[in-house]
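Heads up, the sequence shown stops at 297 in the working numbering, and the numbers go up one at a time, no gaps.
Idealized CB from N, CA, C, for every residue including glycine.
First the structure, in the form of structure tokens, and then the observations on it.
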Amino acid sequence: MIQSASLRTTTDGGRTLSGRSFGPADGTPILFIAGAATGKSMSFGDEFLDAFNIRLLTMDRPGMGDSIGYEDRTLNSTSNDYRVFVEQALGLRGASIPVIANSQGGVFGLSAALHGWVSRLVLASPADEVSNPTIHAMLPHEATQLADIACSDPEQAANMLASFTAQDMETMVINGSHPSDQAFYQQPVFLSLYRKALEEGFAQDGKGYVADTMIAMRPWNLKLTDIQVPTTILYGAHDQSHSPDKTATLASRIPTAKRVVIDDAGGALLWTHSEQVLRAALEN
């Protein structure tokens, strides 16, 4: 049975940030930034944490689970919340640790890397920047429509997103995936984990999910050419949803990026190839 523990930290402004740790309490700390609408219960690679002596840290982003939300949450402020969470969880101000970011969590990993407290970044099946002109031009209208509205009429887009539910997310993810991913996502063990994490993600009337998605859909305004930490991008050849060019453009924007396309993986790469993901985070 994998060791796990609840974590509760507080920002300078008095907001609660809630999280969990998985694996040995004295293991090498790695922050895991989960994907869209998933809270602190989402994890991966349980079978490797003891063997690799890894302590995996997770956090409810503000407005999700038990983390207190706030108005006008931004990409930068969320990245800073992650920094505060890591420092307090480790009891070490100025801590620098590896970060693994998945799917829509990728943008928060990139922002954290630019803030200087990430020692190594691993992007597992990262969601691409839809508002980037190169990526936008590759996508069909139905894939860019909501992002376009998020740019032209943020209030309308936020209202549309507010009607989304955990069940809607589950259905969208499964139906939009490669058959091999669909089979994995519907396994009882994973589905139970996913539904618990979605319950956290849509807590507080889904406000955290809306804030996250508005951040991800609108221009990131990140100077990716300034990223200096070693960055590994892992992408599944059968992934049909996260990037139209399998992150080739994204990798070209990051000078330190190493891109690996895994032939036998899809969008569920984080869980089906957990060992490869964790090893990438532990590279020297």
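Practice item. Out of Tyr83, Asp252, Arg68 and Pro201, state which residue places its alpha-carbon closest to the alpha-carbon of proline 111. Key: Arg68
Check your understanding: Which one of Gly36, Asp141 and Phe35 has the shortest CA to CA distance from arginine 266?
Key -> Asp141
Check your understanding: So what's valine 274 in DSSP terms, helix, strand or just coil?
Key -> strand
Practice item. To the nearest angstrom, report how far apart threonine 41 and serine 165 are at their CA atoms. Key: 44 Å
Review point. Using a beta-carbon distance below 9 Å, is leucine 237 in contact with chain B?
Key: This model lacks chain B altogether; it includes just one protein chain.
Point to revise | Short Cβ contact (9 Å threshold) for serine 92 with tryptophan 233 | key: no
Exercise for review: List the residues that DSSP assigns as beta-bridge partners of threonine 71.
Suggested key: Arg33
Practice item. Quick one: grab the DSSP three-state call for tyrosine 248. Key: strand
Check your understanding: Alpha carbon to alpha carbon, how far is threonine 244 from glycine 78?
Key -> Annotation: threonine 244 to glycine 78 spans about 29 Å, alpha carbon to alpha carbon.
Check your understanding: serine 190 and glutamine 253: beta carbons closer than 9 Å?
Key -> yes
Review point. So which of Leu105, Gly122, Leu30 and Ala102 has the shortest CA-CA distance to glycine 82?
Key: Leu30
Practice item. Determine the direct distance from the alpha carbon of histidine 154 to that of isoleucine 228, and round the result to whole angstroms. Key: 20 Å
Review point. Any idea what DSSP makes of valine 97, helix, strand or coil?
Key: Valine 97 sits in a helix when the DSSP states are folded into three classes.
Point to revise | Enclosing alpha helix (DSSP H) for asparagine 7 [first to last residue] | key: Beyond the ends of the chain as shown, which are 14 and 297, falls residue 7; an answer cannot be given.
Check your understanding: What are the boundary residues of the beta strand (DSSP E) that valine 135 is part of?
Key -> 131-137
**Study point:** Per-residue burial, proline 257 [other beta carbons within 10 Å of its own, 16 or more giving buried]
**Key:** buried
Check your understanding: Apart from the five residues on each side of it in sequence, which residues of its chain come closer than 8 Å, Cβ to Cβ, to isoleucine 275?
Key -> Once the five neighbours on either side are set aside, the close Cβ partners of isoleucine 275 are Leu247, Tyr248, Gly249, Ala250, Leu282, His286 and Gln289.
Check your understanding: Buried or exposed: where does proline 75 fall if 16 or more other Cβ atoms within 10 Å of its Cβ makes it buried?
Key -> buried
Check your understanding: In this structure, does DSSP put alanine 175 in helix, strand or coil?
Key -> helix
**Study point:** Alpha carbon of serine 56 to alpha carbon of leucine 103, nearest angstrom
**Key:** Taking the straight line from one Cα to the other gives about 19 Å.
Review point. Would you say alanine 47 and asparagine 115 are within 9 Å of each other, going by their C-beta atoms?
Key: yes
Exercise for review: Determine, using beta carbons only, whether aspartate 63 and glycine 36 come nearer to each other than 9 Å.
Suggested key: yes
**Study point:** Three-state class that DSSP yields for threonine 41 in the structure shown
**Key:** In this structure, threonine 41 counts as strand in the three-state DSSP scheme.
Point to revise | Helix, strand or coil at valine 143 [DSSP, three-state] | key: In this structure, valine 143 counts as coil in the three-state DSSP scheme.
Check your understanding: Who are the near neighbours of lysine 236 in its chain, counting only those whose CB is closer than 8 Å to its CB and skipping five residues on each side?
Key -> Leu127
**Study point:** DSSP state of isoleucine 162 mapped onto helix, strand, coil
**Key:** helix
Check your understanding: Which value, in whole angstroms, describes the spacing of the CA atoms of threonine 226 and methionine 173?
Key -> 11 Å
Point to revise | Backbone CA spacing between glycine 219 and aspartate 181 [nearest angstrom] | key: Here the alpha carbon of glycine 219 sits roughly 12 Å from the alpha carbon of aspartate 181.
Exercise for review: Can you have a look at glutamate 213 and say buried or exposed, based on whether 16 or more other CB atoms are within 10 angstroms of its CB?
Suggested key: buried
Practice item. Return helix, strand or coil for serine 19, following the three-state DSSP convention. Key: strand
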